[in-house]
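Asker: Each residue of the sequence shown is one higher than the last, beginning at 698 in this note's numbering.
For each residue, glycine too, the CB sits at the ideal point set by N, CA and C.
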Amino acid sequence: MGVLDSSFLVLPFGNDLLVLALVAQHPDGTPWYVLSAACGSTIGAAILAIVSRKLGEEGLRKIVGEKRYPKLKRRIGNHSAAAVAVAGLAPPPFPFTTVIAVVSVFDNSLWRILLINFVTRAARFTVLSLLALKFGKQVLGIAKSTPFEWGMAVFIAACVVASGFSIWHWLRRPR
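The structure is reproduced here in structure tokens:
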């Protein structure tokens, strides 16, 4: 789930909800859930970074838009480490994918990007796990309700449509 969540697909809160549910149901596995979620996110970010580098600056301009590109470049500029850290810690709807893509295109070290992503995602999932240990049973009770299940079905359908659009948008080669 982490690989998909940190790549081109749209799965907001997918990894977070999975970690929350697993920790609430099986608290003994918490360190493994945090580690696997952070590793999955880092693998997804690596795939995204490699593809973004191949697209280059011109390809990225086409994807993020001519108007947004200069603003992103100016904002991230020499603050790529901070941008990746904030993207790794921030919950959706923060534009994690865009930040990783932009930072990757600007010839930042892939290993540095991935290390920062791993550390910040591990911190985020650790905090989430601590909250799940405290409030997880109540959250699971809500998750088992019929309105929540229907809401999640609609949300998942919207994510599938948005992911299809995202993949199409990223694969479409600039002419």
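Between which residues of its own chain and A780 is the CB-CB distance below 7 Å, once the five residues before and five after are set aside?
Answerer: On the sequence shown, position 83 is the one that residue 780 refers to. Answer for A780: I773, V796, V800, listed in chain order.
Asker: Contact check, F822 vs V731 under 8 Å by CB: the rounded distance?
Answerer: On the sequence shown, position 125 is the one that residue 822 refers to. On the sequence shown, position 34 is the one that residue 731 refers to. Indeed, because the Cβ distance is near 4 Å, the residues count as touching under 8 Å.
Asker: Here's the rule: buried if 16 or more other CB atoms are within 10 angstroms of the residue's CB, otherwise exposed. What is G833?
Answerer: Indexing the sequence shown from 1 puts residue 833 at position 136. Buried.
Asker: Since A721 and A829 are thought to touch, with beta carbons under 8 Å apart, how far apart are those beta carbons, to the nearest angstrom?
Answerer: Here residue 721 corresponds to residue number 24 of the sequence shown, with the count starting at 1. Here residue 829 corresponds to residue number 132 of the sequence shown, with the count starting at 1. Between A829 and A721 the Cβ distance is about 5 Å, and since that is below 8 Å, they are a contact.
Asker: At the level of alpha carbons, what is the spacing between V716 and I744?
Answerer: As a position in the sequence shown, residue 716 is number 19, starting the count at 1. As a position in the sequence shown, residue 744 is number 47, starting the count at 1. Spanning the two alpha carbons is a distance of roughly 22 Å.
Asker: Judging by CA-CA distance, which residue of G756, K768, T817 is the nearest neighbour of A734?
Answerer: Translated into the one-based positions of the sequence shown, residue 734 becomes position 37. The residue with the shortest Cα to Cα distance from A734 is T817.
Asker: Determine the extent of the alpha helix (DSSP H) in which E755 is found, giving its start and end residues.
Answerer: In the sequence shown, counting from the first residue as 1, residue 755 sits at position 58. It spans 727-761 - the alpha helix (DSSP H) in which E755 sits, taken as one unbroken run.
Asker: Around the Cβ of T739, are there at least 16 other Cβ atoms within 10 angstroms (buried) or fewer (exposed)?
Answerer: One-based indexing of the sequence shown puts residue 739 at position 42. It counts as buried.
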